[in-house]
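Step one of this worksheet: look at the structure below.
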Amino acid sequence: MLYNYFMNIKHKIFLLVTIIISFIILIAGLSLIATKTVGSTRLLLLILFSLMFMFALTLKLATIFGIRKQRVEIKKSFDYYIEELISTTGIGVIIFNSEGMIIWTSKFISERFNNKLMGKNISDISKEFEKHYKNNELEFTFQYETIDYDVQIVSKSNSIILKDISDKASIFKQYENEKSVVGELDIDNFQEFQSLLPEEEIFTIQSTIINMLDSLVKEYNIIYRQYVNGKFIIFTDGETLKKLIDSEFAMFTKINTNLSIPGVKLTVSVGFGVGSTLPSELMSLAKESIAQSQNRGGDQVTVAYQNEDYRYFGAETEAVYSSSRVKISQISKIIVERLSDRKIKNVLVYGHMYADLDALGSARGVVEMAKSFGKNSYIVNTTFDSTTKKAVKSIIQNPKDLFIKASTANRFDPETTLVFICDTALPDRTENPNAFKGYGKENIFILDHHRITAIPDGVYKSHVYIDTAVSSASEIVSEIIMYSKRRIKVSYEAAQLLLSGIYLDTKQFQRQVSARTFAAASWLETFGATASTSANLLKLSESQTTTIRKILSELKEVRPGYYMATYDGEADSDVVSVAADEILRTEGRRAAFVIAKVPGTKKFKLSARSLDVNVQLIAERVGGGGHFAASAAVSEEPLSIFAGNLIQTIVSVKNESNNN
Numbered sequence: 001m002l003y004n005y006f007m008n009i010k011h012k013i014f015l016l017v018t019i020i021i022s023f024i025i026l027i028a029g030l031s032l033i034a035t036k037t038v039g040s041t042r043l044l045l046l047i048l049f050s051l052m053f054m055f056a057l058t059l060k061l062a063t064i065f066g067i068r069k070q071r072v073e074i075k076k077s078f079d080y081y082i083e084e085l086i087s088t089t090g091i092g093v094i095i096f097n098s099e100g101m102i103i104w105t106s107k108f109i110s111e112r113f114n115n116k117l118m119g120k121n122i123s124d125i126s127k128e129f130e131k132h133y134k135n136n137e138l139e140f141t142f143q144y145e146t147i148d149y150d151v152q153i154v155s156k157s158n159s160i161i162l163k164d165i166s167d168k169a170s171i172f173k174q175y176e177n178e179k180s181v182v183g184e185l186d187i188d189n190f191q192e193f194q195s196l197l198p199e200e201e202i203f204t205i206q207s208t209i210i211n212m213l214d215s216l217v218k219e220y221n222i223i224y225r226q227y228v229n230g231k232f233i234i235f236t237d238g239e240t241l242k243k244l245i246d247s248e249f250a251m252f253t254k255i256n257t258n259l260s261i262p263g264v265k266l267t268v269s270v271g272f273g274v275g276s277t278l279p280s281e282l283m284s285l286a287k288e289s290i291a292q293s294q295n296r297g298g299d300q301v302t303v304a305y306q307n308e309d310y311r312y313f314g315a316e317t318e319a320v321y322s323s324s325r326v327k328i329s330q331i332s333k334i335i336v337e338r339l340s341d342r343k344i345k346n347v348l349v350y351g352h353m354y355a356d357l358d359a360l361g362s363a364r365g366v367v368e369m370a371k372s373f374g375k376n377s378y379i380v381n382t383t384f385d386s387t388t389k390k391a392v393k394s395i396i397q398n399p400k401d402l403f404i405k406a407s408t409a410n411r412f413d414p415e416t417t418l419v420f421i422c423d424t425a426l427p428d429r430t431e432n433p434n435a436f437k438g439y440g441k442e443n444i445f446i447l448d449h450h451r452i453t454a455i456p457d458g459v460y461k462s463h464v465y466i467d468t469a470v471s472s473a474s475e476i477v478s479e480i481i482m483y484s485k486r487r488i489k490v491s492y493e494a495a496q497l498l499l500s501g502i503y504l505d506t507k508q509f510q511r512q513v514s515a516r517t518f519a520a521a522s523w524l525e526t527f528g529a530t531a532s533t534s535a536n537l538l539k540l541s542e543s544q545t546t547t548i549r550k551i552l553s554e555l556k557e558v559r560p561g562y563y564m565a566t567y568d569g570e571a572d573s574d575v576v577s578v579a580a581d582e583i584l585r586t587e588g589r590r591a592a593f594v595i596a597k598v599p600g601t602k603k604f605k606l607s608a609r610s611l612d613v614n615v616q617l618i619a620e621r622v623g624g625g626g627h628f629a630a631s632a633a634v635s636e637e638p639l640s641i642f643a644g645n646l647i648q649t650i651v652s653v654k655n656e657s658n659n660n
């Protein structure tokens, strides 16, 4: 354009100079005629030359401007041809100004968007487009009027390139819809039902499940088979799985409403595997996912995608309590066998970081059991909440002989040492992320009562005991000792700490209590443990009460029934938990979330509590986990960011039992 501009100036100057010269020659000729100083013949030739010069000049200029006009016309035709060519290939261009207003669109864009975009902001293209744009995404895909587009935003030139990818999207969608999916369904606690209920009620339970599956066969592309009583295998495709996900698997999670047996709660654990073309891999994914559903307490559906995170649905109720002691007897037998091995000399026991009374109590119980076999036993913990610090000071006689640092633990020989993790299932949540490093599967045990996202690699499943229906890890360890078939005389120290762990997690026998919980507590009291000692440990100091008041002064409602308090000051984890419990004491409040700074660190601790909603799924989305009604998380993010992420999670979750 700059070149054309200067060429126009050049032509104008040339024309002007030529006209002036011709005019001067003409005037000069006329002057000579007037003065008669030149012969008439010469004068006539001079005038004729002047006229011919002007004519030639005019002709030349006409030719030049004609060529230029022709070039412009050709260029216009070429530009039109290029735009037509681009449009037919499904590509369009949008130009916008610095304020985001659309100032030009190609023909393709005008036709696809019905000339509605000119003069509008680019955020007005569509809500889906706006979402990606506000997230500062420069390349993404969105759909407009059933057509899929690839988008590339070129910030430097204030332009947007759109490409129609409907054909590609259609092929991909067809591929996703036709993927094979394998599922497995187990009736929760079916073995216990078989031992307790009459045959006609067992038949009713199975019929209820079969009727539900038959209704699914009629509505969806599904087939199933019952290969063992209470266990079913399901075959379907990706399209059907998506429909089931959209319905949040309501037919599975609401199955209890179809049962007519009084006093029996019917729930199922379901797992689906998707993402592989190999049937064996799909079956393996299905088994992994149903194991996840069962380890998290049952009454839920897990979908396992190949090379992706699990997705969870359901869990609308607390885990179903089982009175069966078969599993606890099995794990107790395995532990006794390993402790009886003469090759084993040492036992290391880990609770989670900032150990509470349950982590300490369960760890101390394992140490007690190991010592009865003559093993050198230690607890690898140096961080405790304020209540646990009181217990260490008032109950444990020789803490220096009991507790060791992670650096010391790492020097033990993995060949002659057993490792136990209590009240958590992940080494990352202990003070030694390398707790399992170098250890064989046969030397590792996990004892926990929290719902988990995955069992760590390198651990035998038979060495993992996770029961989310049990009150506490301390109850689990108490039962392991009780049913070990070895007469173990438990010390007062171990018994009192185990009882205190149970007291803490049951809120002094107010929640998640079963006959087994009372049996364990009664058994511990035979070794001198007292309820009054445990209750006194849980009492708050004046300073803790003041801190709780400060935390609650920051309380606000995030969504109806969901309350959150953030505190920039330091507070022990047990104080944060008490503050969350205190929030729920007011009628109409369903869930409570409290965030405060972990003492002596830059980390922030979240404590989540609820009455009838699944706060575990919310905690998992911000990096934590736990129970249906009690969960936690720790973050190194600044308070504003951590709180912001939590608020976004609480608000965005349509139903607390949605997938995570």
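If you use UniProt numbering, the sequence shown corresponds to residues 1 to 660, in order.
Quick reminder that beta carbons are idealized off the backbone N, C-alpha and C, glycines included.
For residue i, the residue or residues it bridges with in DSSP
i: R451; result: G626
i: T105; result: I94
i: L418; result: V347
i: K163; result: I91 and D150
i: G273; result: V182 and A304
i: N376; result: N346
i: F384; result: A355
i: Y465; result: L447
i: R609; result: A592 and A630
i: residue 744; result: Past the edges of the chain, shown from 1 to 660, lies residue 744, and the structure says nothing about it.
i: S635; result: F604
i: V268; result: I187
CB contact flag (residue i, residue j, <8 Å)
i: A579; j: I551; result: yes
i: D448; j: D428; result: no
i: Y483; j: S284; result: no
i: T213; j: F232; result: Sequence check: residue 213 is Leu here, not Thr. Against a cut-off of 8 Å, the Cβ pair of F232 and L213 comes out as a contact.
i: R451; j: G271; result: no
i: A359; j: A535; result: no
i: F403; j: T382; result: yes
i: L617; j: R590; result: no
i: I502; j: E475; result: yes
i: T506; j: S471; result: yes
i: S500; j: L540; result: no
i: I165; j: Y149; result: yes
i: T649; j: V622; result: yes
i: residue 670; j: L259; result: Since the first and last residues shown for the chain are 1 and 660, residue 670 lies out of range.
i: V392; j: V477; result: no
i: I395; j: Y350; result: no
For residue j and residue i, believed in contact at Cβ under 8 Å, the rounded distance
i: S553; j: V576; result: Incorrect: roughly 15 Å between the Cβ atoms, too far for contact.
i: I548; j: Y563; result: Contact flag wrong, Cβ pair sits at about 14 Å.
i: L418; j: N434; result: Not really, about 16 Å apart at Cβ, beyond 8 Å.
i: I160; j: I209; result: Not really, about 53 Å apart at Cβ, beyond 8 Å.
i: V380; j: A425; result: Not a contact, Cβ separation roughly 16 Å.
i: V268; j: L185; result: 6 Å
Residues near residue i by beta carbon distance below 6 Å, same chain, minus five either side
i: R364; result: A494 and L497
i: I331; result: Y465
i: Y460; result: K441
i: I91; result: K163
i: E248; result: F313
i: T302; result: G271, S289, Q292, S293, Y310 and Y312
i: I647; result: V558
Neighbourhood of residue i by C-beta distance below 8 Å, restricted to the same chain and skipping five residues each side
i: N376; result: K345, N346 and V347
i: S573; result: Y354, D356, D385, V598, K605, S607 and A632
i: A643; result: M564, T566 and I595
i: V651; result: V558 and R559
Same chain, Cβ closer than 7 Å to residue i, five either side skipped, listed in chain order
i: G119; result: M101 and I102
i: L555; result: Y563, A565 and I583
i: E200; result: none
i: D237; result: N177, E178, K179, S180, V181 and N221
i: N115; result: none
i: K343; result: T416
i: F412; result: N346 and L348
Cβ of residue i within 8 Å of any chain D Cβ
i: V154; result: The displayed structure is made up of one protein chain only, and chain D is not part of it.
Practice prompt. Starting from the N-terminal side, write out each stretch of the alpha helix (DSSP H) that is 4 residues or longer and does not extend beyond the region 277-356.
Written response: For secondary structure counted as the alpha helix (DSSP H) over 4 or more consecutive residues, the region 277-356 holds these complete runs in sequence order: 279-295 and 326-339.
Discussion item. Report the start-end ranges of each alpha helix (DSSP H) in the region 112-154 that is 4 residues or longer and not cut off at the edges.
Written reply: The qualifying runs are 127-134.
Fill in: Segments of 3+ residues assigned as beta strand (DSSP E) that fall wholly inside the region 174-237
Secondary structure in the region 174-237: the beta strand (DSSP E) runs of 3 residues or longer, each lying completely within the stretch, are 180-187, 223-228 and 231-237 in chain order.
Fill in: Uninterrupted beta strand (DSSP E) stretches inside the region 551-606 (no shorter than 3 residues)
Fully enclosed beta strand (DSSP E) runs of no fewer than 3 residues occupy 556-559, 562-570 and 591-597 of the region 551-606, in order along the chain.
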